[in-house]
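For reference, the structure discussed in these notes is given below.
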Amino acid sequence: MKIRRSERLIDMTHYLLEHPHELIPLTFFSKRYESAKSSISEDLAITKKTFKERGTGILETIPGASGGVVFIPVIERKEAKEYIDALAERLSEQDRLLPGGYVYLTDLLGQPQLLRQVGRIIASKYINEKVDAVMTVATKGVPIAQAVSYYLNAPFVIVRRDSKITEGSTVSVNYVSGSSERIEKMELSKRSLARGSRVLVVDDFMKGGGTINGMQGLIDEFDAELVGVSVFAEANFKGKRAIADYDSLLYVKDVDTQTKTIQVVPGNYFDEEDTVKKAN
Numbered sequence: 001m002k003i004r005r006s007e008r009l010i011d012m013t014h015y016l017l018e019h020p021h022e023l024i025p026l027t028f029f030s031k032r033y034e035s036a037k038s039s040i041s042e043d044l045a046i047t048k049k050t051f052k053e054r055g056t057g058i059l060e061t062i063p064g065a066s067g068g069v070v071f072i073p074v075i076e077r078k079e080a081k082e083y084i085d086a087l088a089e090r091l092s093e094q095d096r097l098l099p100g101g102y103v104y105l106t107d108l109l110g111q112p113q114l115l116r117q118v119g120r121i122i123a124s125k126y127i128n129e130k131v132d133a134v135m136t137v138a139t140k141g142v143p144i145a146q147a148v149s150y151y152l153n154a155p156f157v158i159v160r161r162d163s164k165i166t167e168g169s170t171v172s173v174n175y176v177s178g179s180s181e182r183i184e185k186m187e188l189s190k191r192s193l194a195r196g197s198r199v200l201v202v203d204d205f206m207k208g209g210g211t212i213n214g215m216q217g218l219i220d221e222f223d224a225e226l227v228g229v230s231v232f233a234e235a236n237f238k239g240k241r242a243i244a245d246y247d248s249l250l251y252v253k254d255v256d257t258q259t260k261t262i263q264v265v266p267g268n269y270f271d272e273e274d275t276v277k278k279a280n
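Note that full-length UniProt numbering numbers the sequence shown so that position 134 is 134, with each residue one more than the last.
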């Protein structure tokens with residue numbers, strides 16, 4: 001039974017939003033709504049125009065018999081900056097200061113709406129990259145990695161610091177913690193990551209960068225390739241970081257333990273002019 005165009009547009013938009021980076025043939029929509037391909041093409045043109053005007057994302061058309069449409073979620077630079085500016089203000093609250101100069105993030109990283117926005121912002125950076133897997137270390141980086149992997153339509157893998165019998169055989173590396181300078185170990189199940197994968201590393205908080213450097217070591221062990229590194233927040237670190245190339249959404253610029261004040265500003269994610277460039 002055919003349905004009205006208004007109903008088709010609603011259902012089609014919902015389906016595209018739920019299946020980012022997935023090639024959807026026109027025949028799929030044609031059968032789904034019992035409509036001619038010409039009608040489906042007109043509907044997709046309306047959806048594409050709306051997505052662009054609202055900054056929802058890009059709807060790419062792939063020509064040919066095996067073609068279709070692919071929805072690529074992005075966020076406009078202005079919207080992303082406004083969102084991160086508001087987060088910086090929230091993180092500058094006095095009661096978020098923890099011993100050692102860390103900032104309390106757990107309550108924020110437990111909010112689904114925040115995670116969706118953060119995932120969308122980070123994923124927008126890599127719309128032109130092929131990402132086979134999103135990697136993070138247990139445990140606080142997991143919700144962020146999951147959000148990013150959703151918008152990139154790529155699996156996420158969890159690196160652990162202790163062995164789990166349910167993981168099977170693992171690959172392990174030793175690394176030097178960037179903040180404490182202690183030698184520590186991390187490992188990843190051999191089944192988690194395919195050889196030659198292109199990997200995006202995501203984490204919640206970075207000081208010296210030792211943990212991320214350790215994940216780089218694991219990526220090398222799998223003969224995989226590091227696509228990029230994105231962290232939710234980075235601390236002001238006086239020493240030499242273990243990594244140099246990374247993006248941060250937030251930067252903890254100053255911490256005064258005596259007055260218990262924190263100054264948080266947007267991170268270097270917004271330093272590059274081409275960030276989220278396709279959304280502008």
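Heads up, the beta-carbon is just placed ideally off N, CA and C, and yes, glycines get one too. Note that the structure is predicted; figures quoted are calculated from it, not measured.
Touching by the beta-carbon criterion (3+ pairs, under 8 Å), the region 151-165 and the region 224-241: no
Flag this pair as yes or no: are the beta carbons of residue 265 and residue 246 separated by less than 8 Å? no
Please go through the same chain and pick out, in chain order, the residues whose beta-carbon is closer than 6 Å to the beta-carbon of residue 243, but skip the five residues on each side of it. 209, 212 and 213
Let me know the beta strand (DSSP E) ranges lying completely inside the UniProt domain "Bacterial purine repressor N-terminal" (4-73), each 3 residues or longer, listed in chain order. 57-62 and 68-73
How would you call residue 278, buried or exposed, if buried means at least 16 neighbouring beta carbons within 10 angstroms? At residue 278 the pLDDT is 39, less than 50, meaning the model places this residue with poor confidence; the figure from the coordinates comes in the next sentence. Under this definition residue 278 is an exposed residue.
Could you tell me which whole beta strand (DSSP E) segments of length 3 or greater appear in the UniProt domain "Phosphoribosyltransferase" (108-250)? 133-137, 156-159, 170-176, 183-189, 198-206 and 225-235
Thinking C-beta only, is residue 72 closer than 8 Å to residue 53? no
Which word fits residue 4, buried or exposed, when buried means at least 16 other C-beta atoms lie within 10 angstroms of its C-beta? exposed
Which residue comes first and which comes last in the alpha helix (DSSP H) that contains residue 84? 77-91
Would you call residue 126 buried or exposed, if buried means 16 or more other Cβ atoms sit within 10 Å of its Cβ? buried
Do residue 184 and residue 160 have their C-beta atoms within less than 8 Å of each other? no
Per-residue burial, residue 141 [other beta carbons within 10 Å of its own, 16 or more giving buried]: buried
Helix, strand or coil: which one does DSSP assign to residue 263? strand
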